[in-house]
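Trainee: At position 411 of the sequence shown (counting the first as 1) the number is 411 in UniProt numbering, and the numbers step up by one without a gap.
Built from N, CA and C at the ideal position, the CB exists for glycine as well.
Let me give you the structure first, and then I'll get to my questions.
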Amino acid sequence: MTNETEESGENAGTGGPSQSASMGSLSQDTGGSPEIEKQPSNFNGVPGSNSSSLSHDPSWPGTAMSQTSTKITKSHCHGGENGEQQERSSVLKTLNDYLPKYGFKVDLDHRFPKKWDPYVIPPLGMVMEMLLPGVRYLKHFISSILKSKKPFIDLFRLVSSKCMYGVPLGGIGCGTIGRGFRGEFCRFQMTPGNVDFNTAAADQFILTVRSEAGKTLLQKVLSPSSRPKGRKLSAWDWQCNSEIQGRYCGLYPRSWTVYDIPRLQLRLILRQVSPVIPGEYKDSCLPVGVFVWTVENSSSQALQVSICNTFKNGTGGPDDVKGSCWSETRCGDSDAVMLHHTYRGADVTYCLAAPRQTGVKTSVCLALDPNGNGAELWKSLQTTGQLQTTFSSPPDPATPVPVSELAVALNCEVMVPAGGTSSFETALSWDMPVVSFKARTRQHKRRYTRWFSGTDAAAAIASYALQRYRHWETQIDAWQSTILDEPKLPEFFKSALFNQLYYVADGGTVWLDVDDDEASSFPSHDPRLEYGRFAYLESHEYRMYNTYDVHFYASWALVMLWPELQRVLQYDMAMFSMQEDTTLRTYIISGNSGTRKAPNTVPHDIGDPEDEPFSRINAYIAHDVKGWRDLNLKFILQVYRDFKLFGSDMRYLKDMWQTCVAVMESSSKFDTDGDGLIENSGTADQTFDTWVMHGPSAYCCSLWLAALGAMEELADVLGCGEERTKYAQMLTKAQTSMEKKLWNGSYYNFDSCDHPHHLTIMSDQLVGHWYLSLSGNNKEVFKKAHVVTALKTMYEQNVMKFCNGNMGAVNGMKPDGEVDCHTVQSQEMWPGTAFALAATFIKEGMLDEGFRTAEGIYNTTYYETGLAYDMPEALYATGHYRAVGYMRPLSVWSMYRAWCLVNNK
Numbered sequence: 001m002t003n004e005t006e007e008s009g010e011n012a013g014t015g016g017p018s019q020s021a022s023m024g025s026l027s028q029d030t031g032g033s034p035e036i037e038k039q040p041s042n043f044n045g046v047p048g049s050n051s052s053s054l055s056h057d058p059s060w061p062g063t064a065m066s067q068t069s070t071k072i073t074k075s076h077c078h079g080g081e082n083g084e085q086q087e088r089s090s091v092l093k094t095l096n097d098y099l100p101k102y103g104f105k106v107d108l109d110h111r112f113p114k115k116w117d118p119y120v121i122p123p124l125g126m127v128m129e130m131l132l133p134g135v136r137y138l139k140h141f142i143s144s145i146l147k148s149k150k151p152f153i154d155l156f157r158l159v160s161s162k163c164m165y166g167v168p169l170g171g172i173g174c175g176t177i178g179r180g181f182r183g184e185f186c187r188f189q190m191t192p193g194n195v196d197f198n199t200a201a202a203d204q205f206i207l208t209v210r211s212e213a214g215k216t217l218l219q220k221v222l223s224p225s226s227r228p229k230g231r232k233l234s235a236w237d238w239q240c241n242s243e244i245q246g247r248y249c250g251l252y253p254r255s256w257t258v259y260d261i262p263r264l265q266l267r268l269i270l271r272q273v274s275p276v277i278p279g280e281y282k283d284s285c286l287p288v289g290v291f292v293w294t295v296e297n298s299s300s301q302a303l304q305v306s307i308c309n310t311f312k313n314g315t316g317g318p319d320d321v322k323g324s325c326w327s328e329t330r331c332g333d334s335d336a337v338m339l340h341h342t343y344r345g346a347d348v349t350y351c352l353a354a355p356r357q358t359g360v361k362t363s364v365c366l367a368l369d370p371n372g373n374g375a376e377l378w379k380s381l382q383t384t385g386q387l388q389t390t391f392s393s394p395p396d397p398a399t400p401v402p403v404s405e406l407a408v409a410l411n412c413e414v415m416v417p418a419g420g421t422s423s424f425e426t427a428l429s430w431d432m433p434v435v436s437f438k439a440r441t442r443q444h445k446r447r448y449t450r451w452f453s454g455t456d457a458a459a460a461i462a463s464y465a466l467q468r469y470r471h472w473e474t475q476i477d478a479w480q481s482t483i484l485d486e487p488k489l490p491e492f493f494k495s496a497l498f499n500q501l502y503y504v505a506d507g508g509t510v511w512l513d514v515d516d517d518e519a520s521s522f523p524s525h526d527p528r529l530e531y532g533r534f535a536y537l538e539s540h541e542y543r544m545y546n547t548y549d550v551h552f553y554a555s556w557a558l559v560m561l562w563p564e565l566q567r568v569l570q571y572d573m574a575m576f577s578m579q580e581d582t583t584l585r586t587y588i589i590s591g592n593s594g595t596r597k598a599p600n601t602v603p604h605d606i607g608d609p610e611d612e613p614f615s616r617i618n619a620y621i622a623h624d625v626k627g628w629r630d631l632n633l634k635f636i637l638q639v640y641r642d643f644k645l646f647g648s649d650m651r652y653l654k655d656m657w658q659t660c661v662a663v664m665e666s667s668s669k670f671d672t673d674g675d676g677l678i679e680n681s682g683t684a685d686q687t688f689d690t691w692v693m694h695g696p697s698a699y700c701c702s703l704w705l706a707a708l709g710a711m712e713e714l715a716d717v718l719g720c721g722e723e724r725t726k727y728a729q730m731l732t733k734a735q736t737s738m739e740k741k742l743w744n745g746s747y748y749n750f751d752s753c754d755h756p757h758h759l760t761i762m763s764d765q766l767v768g769h770w771y772l773s774l775s776g777n778n779k780e781v782f783k784k785a786h787v788v789t790a791l792k793t794m795y796e797q798n799v800m801k802f803c804n805g806n807m808g809a810v811n812g813m814k815p816d817g818e819v820d821c822h823t824v825q826s827q828e829m830w831p832g833t834a835f836a837l838a839a840t841f842i843k844e845g846m847l848d849e850g851f852r853t854a855e856g857i858y859n860t861t862y863y864e865t866g867l868a869y870d871m872p873e874a875l876y877a878t879g880h881y882r883a884v885g886y887m888r889p890l891s892v893w894s895m896y897r898a899w900c901l902v903n904n905k
């Protein structure tokens with residue numbers, strides 16, 4: 001029935017015989033499951049002689065395992081009275097010994113104490129103001145639907161977080177497969193820009209435990225999910241919680257799950273690894289994840305343990321049946337089963353693989369009906385511990401018959417000696433090499449196709465990953481240990497810092513090679529020729545790529561960890577800024593007609609995946625962004641910051657300079673009264689796109705002064721004396737006006753209107769100082785004393801008087817300590833801007849204030865509301881959120897930059 005392999009290969013090749021199957025061989029058996037023999041419960045938690053072997057594994061990041069544990073009785077698996085709960089709690093503490101010291105940790109049966117939702121009721125005054133824009137949005141919505149397109153923001157179908165997410169699988173820009181912390185496969189991002197919030201019931205791990213004599217002792221689906229409705233997989237035992245306890249830890253790009261089975265004195269440790277490695281531009285783009293299983297048997301008898309990974313085509317949604325699929329095996333250094341299918345018009349292959357290892361029996365199922373009861377696969381595992389097909393069997397000569405839905409499975413079985421441990425690895429890879437956006441006017445190759453291509457690419461990637469994952473972990477450990485081992489950094493921060501990086505890969509991200517036509521138009525030194533093009537969505541809900549006013553905050557993660565991705569993004573932005581698109585369209589808020597893109601202005605975004613990004617930019621149609629006050633200045637500040645952090649890269653600066661000069665000239669026109677400050681237009685003409693600003697405002701003038709300071713220094717570096725003098729004079733004039741018009745002795749006024757809310761304390765009023773100070777600027781562009789005073793005011797008001805200091809910094813606070821409810825965004829707390837404020841606190845020596853601000857955000861999102869790996873743009877004190885899965889919170893990396901500067905790291 002099964003082939004036990006004897007040796008492990010060294011090469012990535014996957015050549016060898018193949019087997020194929022179609023749905024025609026699927027079982028329709030509706031029979032029940034045989035009785036599973038029960039083993040006496042005598043767990044005493046004392047590890048055997050080999051139980052500490054994990055601590056000697058160089059890839060194992062945790063501490064040595066506990067040598068003692070609390071006795072568990074069967075009743076404790078179901079809960080009980082206080083004594084039983086305390087006993088269970090003490091057991092879970094020992095499970096922590098299998099986990100890293102830091103990370104997002106929860107029990108597998110955890111339920112979050114607060115249930116929040118995205119349904120926010122705006123102030124009545126704003127409702128009235130938005131009636132006409134609402135009508136215009138409705139027209140846009142209907143028009144999009146009639147064209148079979150999604151609107152760029154869907155206000156009628158808001159996304160409610162499922163409060164279930166853990167560390168996702170996959171590298172950067174290749175699509176991702178989400179994982180729930182309880183073990184689900186969920187939130188798929190296979191096609192560019194589309195986030196499918198599905199949980200695929202057929203994508204599971206199944207545990208089967210048998211005695212040495214072959215009696216089945218336990219068989220469960222390793223996820224506490226509910227059984228699918230109807231007859232789908234009804235033969236499987238979904239009652240995981242009845243006998244299995246567990247604990248999860250996420251520390252991106254890895255996660256750990258410990259499964260504790262007291263009755264059998266058995267523990268399983270699953271480590272999930274994805275190749276997301278700073279400064280690495282090959283392996284980091286691979287569509288693969290590795291599962292490393294360790295089985296610890298503390299009982300007095302040997303146990304046969306098999307773990308079966310099942311996986312279906314598609315993403316668990318209605319589009320799964322719209323293509324065709326078929327499966328086949330590949331034998332080589334790794335044994336693999338591949339599932340080929342067509343999904344939304346694109347060819348994609350999933351692959352499950354395991355290396356050939358001594359003592360590990362590998363078998364597969366080529367055809368499982370994901371809509372059937374799953375009895376044949378379940379019975380095969382139950383009675384033999386193996387699946388029907390082996391890699392020693394001759395290949396099936398029959399031509400596969402494509403079907404609409406299909407699942408495959410890969411099973412690994414090990415004999416675990418009494419008091420001993422066994423381990424093995426499997427991989428899940430996928431290959432969607434050529435992608436198109438909704439307009440389908442162009443095709444794009446994903447970056448990883450430089451190294452892996454052809455019909456066997458998925459198997460080759462999986463085999464490569466199984467050989468390389470230990471090296472990846474060595475690199476990840478070396479990177480993360482510099483932060484994790486730093487005693488001066490708070491524990492929560494170490495988790496927040498790494499876990500927020502999930503969005504770099506999981507943000508609808510694409511990393512594409514440039515095609516030949518594009519390449520011919522770029523100069524030979526253009527980094528896009530080597531590193532391709534990179535784009536990520538503003539949000540899982542707000543489908544615009546590289547939204548630049550938001551990327552301004554998030555870009556700290558890229559420039560610090562993958563600087564070449566920031567570099568190629570900037571080359572794109574510089575090019576797009578000079579372009580013009582005279583296509584007319586009606587803007588939703590104003591109702592005015594205007595062109596799509598004005599020359600010499602930085603675009604809001606580089607396009608909607610429902611259209612053709614990189615070709616038709618500015619998908620955002622709420623406002624006409626050519627009049628936005630912040631976009632041009634944010635480009636200049638990023639060029640300045642990048643130049644500094646790139647090691648004074650003169651080539652980069654020279655390539656960016658003319659665009660900086662052009663967009664600065666465009667922004668200078670916003671100084672309508674000659675006072676040296678730019679004026680806001682009386683509309684929401686910046687990233688706070690419902691928060692209207694009039695005249696000089698703290699936010700935009702802060703950016704303006706910072707950009708002038710940057711331009712002065714950059715002109716001096718380039719030897720442009722005339723420009724340096726010009727910008728120096730403009731800065732001096734602007735500094736004088738800002739102090740005169742906006743400084744009130746305690747902070748900078750929100751804006752210059754006649755309404756009382758102009759006195760609002762805005763938490764992002766020092767945004768320009770934040771950028772300059774973290775970029776290494778040594779000139780006092782903003783008065784030091786005023787910066788410190790304003791920071792103290794914001795901490796006392798926006799932080800400590802908002803939710804008792806336990807939820808970050810509210811955007812707007814009135815001087816009397818009441819939240820400014822003038823508009824929706826003034827009463828929101830934005831994690832991304834609050835992290836920026838926290839970084840500014842730290843840079844100015846207010847470390848306790850900075851970390852207190854950030855800790856409130858972390859605790860609220862990760863442990864109170866279940867928004868881990870789903871951090872939204874905004875949180876409300878009233879128990880709501882807006883725009884889950886958002887780009888801006890990557891600004892948490894600016895906090896680490898500030899801390900490093902303060903500590904001379």
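Spatial neighbours of Val-321 within its chain, please: CB distance less than 7 Å, with the 5 preceding and 5 following residues excluded, ordered by chain position.
Mentor: Numbered from 1 along the sequence shown, position 321 holds the residue referred to as residue 321. Cβ neighbours of Val-321 beyond the five flanking positions: Ser-404 and Glu-405.
Trainee: Please confirm whether Tyr-248 and Ser-495 have their CB atoms less than 8 Å apart.
Mentor: Translated into the one-based positions of the sequence shown, residue 248 becomes position 248. Translated into the one-based positions of the sequence shown, residue 495 becomes position 495. In this structure, Ser-495 does not lie closer than 8 Å to Tyr-248 by Cβ.
Trainee: Measuring alpha carbon to alpha carbon, tell me which of Pro-889, Leu-901, Lys-905 and Asn-904 ends up nearest Phe-498.
Mentor: Position 498 of the sequence shown, counted from the start, is the residue given in the question as residue 498. Here the closest residue by C-alpha is Pro-889.
Trainee: Taking the C-alpha atoms as reference points, what is the distance between Phe-179 and Leu-169?
Mentor: Within the sequence shown, the letter at position 179 stands for residue 179. Within the sequence shown, the letter at position 169 stands for residue 169. Note that residue 179 corresponds to Arg in the displayed sequence, not to Phe. Distance between the alpha carbons of Arg-179 and Leu-169: 7 Å.
Trainee: Around the C-beta of Phe-688, are 16 or more other C-beta atoms found within 10 angstroms, so that it is buried, or is it exposed?
Mentor: Here the question's residue 688 lines up with position 688 in the sequence shown. The residue is buried, with at least 16 neighbouring Cβ atoms inside 10 Å.
Trainee: The beta strand (DSSP E) with Leu-867 in it runs from where to where?
Mentor: In the sequence shown, the residue the question calls residue 867 occupies position 867. It is not in any beta strand (DSSP E) - Leu-867 carries neither H nor E in the DSSP assignment.
Trainee: Using a threshold of 8 Å, state whether the C-beta atoms of Glu-610 and Lys-162 are closer than that.
Mentor: In the sequence shown, counting from the first residue as 1, residue 610 sits at position 610. In the sequence shown, counting from the first residue as 1, residue 162 sits at position 162. The answer is no: Cβ separation not under 8 Å.
Trainee: Against chain C, with Cβ distances strictly below 8 Å, would Ser-404 count as a contact?
Mentor: This model lacks chain C altogether, as it is built from one protein chain only.
Trainee: Taking the Cβ atom as the reference point for each residue, do Ser-223 and Leu-264 lie within a distance shorter than 8 Å?
Mentor: Counted from its first residue, the sequence shown places residue 223 at position 223. Counted from its first residue, the sequence shown places residue 264 at position 264. No.
Trainee: Just mark Phe-156 as buried or exposed, buried being the case when its beta carbon has 16 or more other beta carbons within 10 Å.
Mentor: In the sequence shown, residue 156 corresponds to position 156, counting from 1. Exposed.
Trainee: Which residues in the same chain have their Cβ closer than 6 Å to the Cβ of Gly-879, if we skip the five residues on either side of it in sequence?
Mentor: Position 879 of the sequence shown, counted from the start, is the residue given in the question as residue 879. The answer, listed in chain order, is Trp-116.
Trainee: Can you tell me whether Asp-485 is buried or exposed? The criterion is at least 16 other CB atoms within 10 Å of its CB, across all chains shown.
Mentor: Indexing the sequence shown from 1 puts residue 485 at position 485. Burial call: exposed.
Trainee: Does Met-664 pass the burial test, meaning 16 or more other C-beta atoms within 10 Å, or should it be called exposed?
Mentor: Position 664 of the sequence shown holds residue 664. Looking at its Cβ environment, which holds 16 or more other Cβ atoms inside 10 Å, Met-664 is buried.
Trainee: Since Arg-852 is in the alpha helix (DSSP H), which residue starts that stretch and which ends it?
Mentor: If you number the sequence shown from 1, residue 852 lands on position 852. Its alpha helix (DSSP H) spans residues 847-858.
Trainee: Should the segment 104-116 be regarded as contacting the segment 868-888, the criterion being three or more beta carbon pairs within less than 8 Å?
Mentor: The segment 104-116, when compared against the segment 868-888, does touch it at the 8 Å Cβ threshold.
Trainee: Which ranges does the alpha helix (DSSP H) cover as unbroken runs of at least 4 residues, wholly within the segment 476-511, from first to last along the chain?
Mentor: The qualifying runs are 491-499 and 502-506.
Trainee: DSSP state of Val-167, grouped into three classes?
Mentor: Along the sequence shown, read from residue 1 onward, the residue named residue 167 stands at position 167. The answer is coil: DSSP assigns Val-167 none of H, G, I, E or B.
Trainee: Between Gln-28 and the rest of its own chain, which residues show a CB-CB distance below 7 Å, the 5 nearest in sequence each way excluded?
Mentor: Numbered from its first residue, the sequence shown carries residue 28 at position 28. Note that Gln-28 has pLDDT 32, beneath the 50 cutoff, so the model's placement of it is unreliable and the number below is only indicative. Only Gly-372 meet the Cβ criterion.
Trainee: Can you tell me which residues form a DSSP beta bridge with His-444?
Mentor: Position 444 of the sequence shown, counting from 1, holds the residue named residue 444. Answer is Val-435.
Trainee: Which word fits Val-788, buried or exposed, when buried means at least 16 other C-beta atoms lie within 10 angstroms of its C-beta?
Mentor: For the purposes of this step, residue 788 is identified with residue 788 of the sequence shown, where counting begins at 1. It is exposed - the Cβ of Val-788 has fewer than 16 other Cβ atoms within 10 Å.
Trainee: Over the uninterrupted alpha helix (DSSP H) stretch that includes Phe-534, give me the two end residues.
Mentor: Along the sequence shown, one-based indexing puts residue 534 at 534. Phe-534 -> not in any alpha helix (DSSP H); beta strand (DSSP E) instead, spanning 533-535.
Trainee: My understanding is that Gly-532 touches Asp-516, with C-beta atoms under 8 Å, so please give their C-beta distance in whole angstroms.
Mentor: As a position in the sequence shown, residue 532 is number 532, starting the count at 1. As a position in the sequence shown, residue 516 is number 516, starting the count at 1. That pair is no contact at about 13 Å.
Trainee: By Cβ distance, which residues of its chain are closer than 6 Å to Val-159, with the 5 residues on each side in sequence left out?
Mentor: Locating residue 159 in the sequence shown gives position 159, where the first residue counts as 1. Within the same chain, Val-159 has close Cβ partners Glu-541 and Val-884.
Trainee: Pick helix, strand or coil for Cys-308, following the three-state DSSP scheme.
Mentor: Numbered from its first residue, the sequence shown carries residue 308 at position 308. Reduced to three states, the DSSP call for Cys-308 is strand.
Trainee: Quick check on the DSSP output: the alpha helix (DSSP H) that includes Ile-145 runs from which residue to which?
Mentor: By 1-based counting over the sequence shown, the position of residue 145 is 145. Residues 131-146.
Trainee: Tell me the residue span of the alpha helix (DSSP H) that contains Gly-289.
Mentor: For the purposes of this step, residue 289 is identified with residue 289 of the sequence shown, where counting begins at 1. Per DSSP, Gly-289 belongs to no alpha helix (DSSP H); it is in the beta strand (DSSP E), 288-297.
Trainee: Quick one: using the 10 Å Cβ neighbour count with 16 as the cut-off for buried, is Leu-132 buried or exposed?
Mentor: In the sequence shown, residue 132 corresponds to position 132, counting from 1. Under this definition Leu-132 is an exposed residue.
Trainee: In the DSSP assignment, the alpha helix (DSSP H) including Cys-900 goes from what residue to what residue?
Mentor: Position 900 of the sequence shown, counting from 1, holds the residue named residue 900. Run containing Cys-900: 892-902, per the alpha helix (DSSP H) assignment.
Trainee: Can we say the segment 120-136 touches the segment 273-281, given the rule of at least three CB pairs closer than 8 Å?
Mentor: No, the segment 120-136 does not touch the segment 273-281.
Trainee: If the criterion is Cβ atoms closer than 8 Å, does the pair Ala-235 and Trp-378 meet it?
Mentor: For this step, residue 235 is matched to residue 235 along the sequence shown. For this step, residue 378 is matched to residue 378 along the sequence shown. Yes.
Trainee: Straight-line CA distance for Tyr-699 to Lys-843?
Mentor: Residue numbering aside, residue 699 sits at position 699 when the sequence shown is read from its first letter. Residue numbering aside, residue 843 sits at position 843 when the sequence shown is read from its first letter. Going from the Cα of Tyr-699 to the Cα of Lys-843 covers about 19 Å.
Trainee: Since Glu-780 is in the alpha helix (DSSP H), which residue starts that stretch and which ends it?
Mentor: As a first step, residue 780 is located in the sequence shown; it is residue number 780 there, counting from the start. Segment: none, Glu-780 is in no alpha helix (DSSP H) and carries neither H nor E.
Trainee: Could you tell me how far apart the beta carbons of Phe-205 and Gly-183 are, in whole angstroms, since I believe they sit closer than 8 Å?
Mentor: As a first step, residue 205 is located in the sequence shown; it is residue number 205 there, counting from the start. As a first step, residue 183 is located in the sequence shown; it is residue number 183 there, counting from the start. Yes, Phe-205 and Gly-183 are in contact; Cβ-Cβ is about 7 Å, under 8 Å.
Trainee: Take Glu-864 and list the residues in its own chain whose beta-carbon comes closer than 8 Å to its own, dropping the five residues that flank it on each side.
Mentor: Looking up residue 864 in the sequence shown gives position 864. Contacts found: Phe-112, Pro-113 and Lys-114.
Trainee: What residue range is occupied by the uninterrupted alpha helix (DSSP H) comprising Val-639?
Mentor: If you number the sequence shown from 1, residue 639 lands on position 639. 631-645 is the span of the alpha helix (DSSP H), which, as asked, contains Val-639.
Trainee: With a threshold of 8 Å, are at least 3 pairs of Cβ atoms found where one atom belongs to the segment 348-358 and the other to the segment 447-461?
Mentor: Flag = yes, the segment 348-358 and the segment 447-461 touch.
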